Amino acid sequence: MSGVKKEEAMTGVNGSSKTAVMRGSAEGNGMDAEAHVTAERFSVFYHNREAVRQVSLAIPARGVTAIIGPSGCGKSTFLRAINRMNDLVPGCRVSGRLVFDKEDIYGPRIDVVALRRRVGMVFQKPNPFPKTVFDNVAYGPRLCGLTGRAQLEEIVERSLKSAALFDEVKDRLGQNAIGLSGGQQQRLCIARALAVDPEILLMDEPTSALDPRATSRIEDLIAELRGKYTIIIVTHNMQQAARVSDRTAFLYEGNLIEFGPTKQLFTKPRESQTEDYITGRFG
Amino acid sequence: MRTETRGMLDRAFTGTGVFSILLLVAALLVILAPLAVRGLKAVVFQGTVEHRRVLLDKFGRGDRAAVQAEIAEVVEARAPVYVMMDRFQSEVEAMPLSQRRKMRAEFQEVRKLVGAILGDRSGGPASLLMRNQYGATRWDRAQVKLQALLFAETWDYSDNSSFGKKVHTPRAERFSGTALEPMFGYFRGNIGRMLLPRRTVYWGFFTDDSFDSHLFGGIWPELLGTLYLAVGAMLFAVPAGILAAIFFAEYAGDSWAVGFLRTCVSTLAGVPSIVFGLFGLAFFIGVVRVSPSKSVLAGSLTLALMILPTLIRTAEEAIRAVPQTYREAALSLGGSRWHTIVSVVLPAALPGILTGVVISLGRAAGETAPIIFTAAVSVGKPLRLWQTLTQPTPALPWNIYNLATEHEAVEEVRHVQYGMVFALVGMVLLLNLAAIVLRARVARKLRA
Amino acid sequence: MIDSTGCRCRPSLVLDDRTRIRQRILETAGRWTLGAVTSLSLVAVLFIILFIARDALPFFRLRGLMEFFADKQWYPSGAPPHFGALTILYGSGLVALGAALVAVPLGIGAAICLSDILPFRARQAVKPVIEMLAAIPSVAYGFFALVVFAPALQERGGLILSVVAVALGAPLALLAGFVAGDLVADAVPEQRRGTHRVLAGFAVTITGLHLLGGLVEQLAGLRIASGTNALNVSLILGIMALPTVVSISEDALQSVGRELREGSYALGATRAETLLRVVAPAAGSGIAAAVILGIMRAIGETMVVWMASGNAAQIPQPWFNFLEPVRTLTATIAGDMGEADQMTGSERYHVLFAMALVLLVFSFACNTTSELILRRSRRKLRGG
Chain A
465 MSGVKKEEAM TGVNGSSKTA VMRGSAEGNG MDAEAHVTAE RFSVFYHNRE AVRQVSLAIP
525 ARGVTAIIGP SGCGKSTFLR AINRMNDLVP GCRVSGRLVF DKEDIYGPRI DVVALRRRVG
585 MVFQKPNPFP KTVFDNVAYG PRLCGLTGRA QLEEIVERSL KSAALFDEVK DRLGQNAIGL
645 SGGQQQRLCI ARALAVDPEI LLMDEPTSAL DPRATSRIED LIAELRGKYT IIIVTHNMQQ
705 AARVSDRTAF LYEGNLIEFG PTKQLFTKPR ESQTEDYITG RFG
Chain B
1480 MRTETRGMLD RAFTGTGVFS ILLLVAALLV ILAPLAVRGL KAVVFQGTVE HRRVLLDKFG
1540 RGDRAAVQAE IAEVVEARAP VYVMMDRFQS EVEAMPLSQR RKMRAEFQEV RKLVGAILGD
1600 RSGGPASLLM RNQYGATRWD RAQVKLQALL FAETWDYSDN SSFGKKVHTP RAERFSGTAL
1660 EPMFGYFRGN IGRMLLPRRT VYWGFFTDDS FDSHLFGGIW PELLGTLYLA VGAMLFAVPA
1720 GILAAIFFAE YAGDSWAVGF LRTCVSTLAG VPSIVFGLFG LAFFIGVVRV SPSKSVLAGS
1780 LTLALMILPT LIRTAEEAIR AVPQTYREAA LSLGGSRWHT IVSVVLPAAL PGILTGVVIS
1840 LGRAAGETAP IIFTAAVSVG KPLRLWQTLT QPTPALPWNI YNLATEHEAV EEVRHVQYGM
1900 VFALVGMVLL LNLAAIVLRA RVARKLRA
Chain C
206 MIDSTGCRCR PSLVLDDRTR IRQRILETAG RWTLGAVTSL SLVAVLFIIL FIARDALPFF
266 RLRGLMEFFA DKQWYPSGAP PHFGALTILY GSGLVALGAA LVAVPLGIGA AICLSDILPF
326 RARQAVKPVI EMLAAIPSVA YGFFALVVFA PALQERGGLI LSVVAVALGA PLALLAGFVA
386 GDLVADAVPE QRRGTHRVLA GFAVTITGLH LLGGLVEQLA GLRIASGTNA LNVSLILGIM
446 ALPTVVSISE DALQSVGREL REGSYALGAT RAETLLRVVA PAAGSGIAAA VILGIMRAIG
506 ETMVVWMASG NAAQIPQPWF NFLEPVRTLT ATIAGDMGEA DQMTGSERYH VLFAMALVLL
566 VFSFACNTTS ELILRRSRRK LRGG
């Protein structure tokens, strides 16, 4: 734990907690420096268990931010907190602030529906609705009040193309999405999320249920999307984090241990725990 | 204990288990087989010329010319019977008084039995009741009646140590030496010519009105009444059941109030069906006055209450079986909670909910006790839709009971009873079969 | 995100007060509407109790409890009328007992078979059979009991009963002989075991078969005055209660879990020993709940008893004589309401509601007991 203490002393933030803090924007990684999502001493509790502990970090706009850490470290919980999916979990509460578009998204007057439309999400297991491919992608735009068939068709085509799926399914738009392969389903889910044109795309271990081929296609896709969206991806696969991300945050037992440019974190980690983890000594 | 003994006990144990399963299957077969076989006989049977006459007269069905030709044929075959009866009648008039009285009584009985087989005498005065106008419409009933005509049945109580015994004496003996004696022989020899039995498939049994307390015609009013009652019950129960299931599965937490509501649902499921009937009578008819007396509406409401718990339970199970990931996906796209339920959860749960609906429909159709006091009458015409609000209806379950226990000629309408049971059980089992198929398809889809 | 025209937009995350209040009101209203619809069941239960009790209490006020529960005279249309429901309560109890005697052993046997003995495919085939048994309308069972089974019982009752007795008794006698021989052999010194085993086995088997023979002789000579009696009804009600008993017991047996079974098998226990000594005790409370619900089903059933029990308000002589006709609560309500219908307000009308109240109280008691049992066993299984 000595590393953590040192970090506290260094940053001077959060003197009372054991949480390590890195300001991504302060790292000077050459990307758009404006913070898109900012957590300030943000904690998530399940009943009385603190799953995320006073995490403070600022995620810049655009590019890919990866969150890594061993199972149960709270990385998924943190990700799901960003579009308030944890609201579904009974007994879940938060403290601290999580700021997006200048608003604390856990504030009392927040429109959760609007938040979720601006912060899209792709889940661990592909979860297309048992509807047609077209209806899956059109679900979000329809929710936004879009009804014109031509316009819907245009959006569906654009989204499927963005998700590099259009050529494979263009003849099967009317078929049930359950019939697609696992990799296709996951790209369909990405297309579905892109159809409402979110600003942030959260990805919760999007390739963990897929075979290596499908995984590499998804990774290619992430690389294509990085210029347009702020992508936050949770993965337990460190190679994946190294391959696709620009910045990486390492969470351990709910604490943010280190946050910095991916290259630096994987080659010259400043924390001994980070080094232990990426060299495979635990986790 | 030796290992062999333990093995033996183990095998005996297994045997007991398998035996109980076999017994279960056997029970189902033993119960269904007679109902199916004899129920089918309400539709497929040896029909006599009388049956064809009824169809022609009452429903205008059949080939008029052919039936008329048949009638001419049987009138000719029957003529000798009436000649002999007429001759005997004049003989009786000439008898001494004491004998005349006895013979008249005996002859009266014979005349009645002949009438039961042949119906009204062609050209003679028409009887008041339809059952007397037409003879035996079914060959099997004609055979039974023929036996009654040929052999008088008396009880012999001479042996005090046991029950009375049935004794059959040939009726011909009683009339020996009279002009009537040869009639019995003629009847025995020519019954076929007098009735012209023919293999008949009477699908109209399910779609025809009935006449003269079910002695003629079909079971359409009962079938329709059952349909009205069951569908009416679903109209009330399905929306309420699905909404309650949504509440339990999606909105209700774990509070004591929700627990109490759940207890109420299971309590409602345990209320005996006859108590529902009494409640329907006291509440829907007595207090709310949905109708002045029994009506389909009151019956449907009562049945709806009865099937509500089943519906809630199956629908809740189906909704809970929808993977959480569907909900998450819909919510993450910015759907509201209610929108998520309507657009994603309910469609995915639909097959499961339908299974419950189909099974409940069968139960509502087959239940008797709740409709005895609220909706069912023994005899009635098929209702029009708007009449269901105020009128009671005949219904299969009630009329099965009624015909089997309270009909004035139970044996005469046995085939109708079996036919009704066949229709009811067939309906319910088909619905259940549909549910089983539906569920199998859901299971396959979930596996895939 | 996109707006309703498909154009890009960035709506504020903050709701204005009016929208927020409207949304909150809508959501609360929706939740309460759903809750209200769900409360229909609660209202129904309350109203059922209320309206049955409302019409039942005048009877007790007029005639008192003693007459209803202790008098054997049931002459509702006599002058003066007697409303002693003891014989009717007894009739309900007797047929429920008979139904339990049929349904409990068969149902538990079938449940064990389904959960532990049959292979998956056979189980899939048997399940629809049980569902069909549950689906057949009660009036069809009643019709079968009255029109098919009662005449058979009346004409060939002795034969039917003897066949049943032999089918059940003969294997039992043989098994008892085998086990007895083995037990005796255990008790004597090594060298004489063989002869002792054979002798004891033979002795027990022969005795058993002899007793069985006597029983069959008695049964075969039996003359059944009427086929519509307690035996008929008990058998049919037993079959009707079977699906309930089987499915709930099977659930209970399934929920015991593999680990416990494997633990027992690993110690060298046979399947019978595992099930009887390990699984059955663990699933015991679930099975008890199944039995209670099965009996409840039998007591609450109307059509079968109305059609085939003979409807004679009497206590059979001797008390366990299943071959005599009886009368039950449900059948009395169904049958007498027609006559009492017109005379709303009469004692004859209210006594039927008193009977309904008894039924209601009984079914509540059964339901609550089984629910408590199930809840406790669930907690136990989860906790342990």
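Chains as they are written, first to last, in the numbering used here: chain A, 465 to 747; chain B, 1480 to 1927; chain C, 206 to 589.
Every residue, glycine too, gets a C-beta built ideally from N, C-alpha and C.
Everything numeric in this text was worked out from a predicted model, so none of it was measured.
Can you tell which of the options has the C-alpha that lies nearest to the C-alpha of residue i?
i                       : options                        : result
residue 1898 of chain B : B/1563, B/1514, B/1717         : B/1514
residue 1698 of chain B : B/1818, B/1860, B/1532, B/1535 : B/1860
residue 272 of chain C  : C/469, C/477, C/284, C/289     : C/289
residue 270 of chain C  : C/389, C/208, C/562            : C/562
residue 500 of chain A  : A/510, A/524, A/513            : A/524
residue 358 of chain C  : C/528, C/409, C/298            : C/528
residue 390 of chain C  : C/401, C/396, C/381, C/277     : C/401
residue 1900 of chain B : B/1887, B/1883, B/1910, B/1889 : B/1883
residue 1619 of chain B : B/1740, B/1799, B/1517, B/1717 : B/1517
residue 276 of chain C  : C/580, C/222, C/356, C/518     : C/518
residue 499 of chain C  : C/443, C/410, C/214, C/264     : C/443
residue 216 of chain C  : A/714, A/663, A/680            : A/663
residue 695 of chain A  : A/569, A/546, A/743            : A/546
residue 1867 of chain B : B/1700, B/1707, B/1916         : B/1707
residue 1555 of chain B : B/1844, B/1902, B/1670         : B/1670
residue 503 of chain A  : A/543, A/533, A/526, A/534     : A/543
Just to confirm, is the Cβ distance from residue i to residue j under 8 Å?
i                       : j                       : result
residue 657 of chain A  : residue 609 of chain A  : no
residue 528 of chain A  : residue 1815 of chain B : no
residue 512 of chain C  : residue 350 of chain C  : yes
residue 1744 of chain B : residue 568 of chain C  : no
residue 1609 of chain B : residue 1684 of chain B : no
residue 417 of chain C  : residue 371 of chain C  : yes
residue 243 of chain C  : residue 1852 of chain B : no
How close, in whole Å, do the beta carbons of residue i and residue j come, if the pair is a contact with beta carbons under 8 Å?
i                       : j                       : result
residue 558 of chain A  : residue 520 of chain A  : Actually they are not in contact, since the Cβ atoms of residue 558 of chain A and residue 520 of chain A sit about 14 Å apart, beyond 8 Å.
residue 1773 of chain B : residue 1871 of chain B : 4 Å
residue 1678 of chain B : residue 1525 of chain B : 6 Å
residue 1914 of chain B : residue 1834 of chain B : 5 Å
residue 1785 of chain B : residue 1846 of chain B : 7 Å
residue 1747 of chain B : residue 249 of chain C  : 6 Å
residue 586 of chain A  : residue 668 of chain A  : 7 Å
Going by other Cβ atoms of all chains shown within 10 Å of its Cβ, with 16 needed for buried, is residue i buried or exposed?
i                       : result
residue 536 of chain A  : exposed
residue 1715 of chain B : buried
residue 732 of chain A  : exposed
residue 1865 of chain B : exposed
residue 494 of chain A  : Note that residue 494 of chain A scores a pLDDT of 38, beneath 50, so its modelled location is shaky; the value from the coordinates is reported in the next line. The residue in question, residue 494 of chain A, is exposed, as its Cβ has fewer than 16 Cβ neighbours within 10 Å.
residue 226 of chain C  : exposed
residue 565 of chain C  : buried
residue 485 of chain A  : Confidence in residue 485 of chain A is poor, its pLDDT being 42 and thus under 50, which makes the residue's placement unreliable; the coordinate value appears in the next sentence. Buried, by the Cβ-count rule.
residue 724 of chain A  : buried
residue 320 of chain C  : buried
residue 212 of chain C  : exposed
residue 1644 of chain B : exposed
residue 488 of chain A  : Only weak support is given to the placement of residue 488 of chain A: the predicted model assigns it a pLDDT of 39, under 50, and the value that follows is read from those uncertain coordinates. Answer is buried; the Cβ neighbour count reaches 16.
With hydrogens ignored, establish whether the beta-carbon of residue i is closer than 7 Å to any heavy atom of the ligand FAD.
i                       : result
residue 1496 of chain B : As for the ligand FAD, it is missing from this structure, which has no ligand bound.
Enumerate, from N- to C-terminal direction, the unbroken beta strand (DSSP E) stretches of 3 or more residues contained entirely within the region 692 to 731 of chain A.
694 to 698, 711 to 716, 719 to 725
Unbroken stretches of the alpha helix (DSSP H), 4 residues or longer, contained in the region 1792 to 1828 of chain B:
With a minimum length of 4 residues, the continuous alpha helix (DSSP H) runs that stay inside the region 1792 to 1828 of chain B are 1803 to 1811, 1816 to 1819.
Which runs of the beta strand (DSSP E), 3 residues or longer, sit entirely within the region 556 to 583 of chain A?
556 to 564
What runs of the alpha helix (DSSP H), each 4 residues or longer, lie entirely inside the region 589 to 665 of chain A?
597 to 607, 613 to 626, 630 to 633, 646 to 658
Alpha helix (DSSP H) segments (min. 4 residues) lying fully within the region 263 to 339 of chain C:
291 to 317
Ordered list of beta strand (DSSP E) runs contained in the region 500 to 531 of chain C, each at least 3 residues
none
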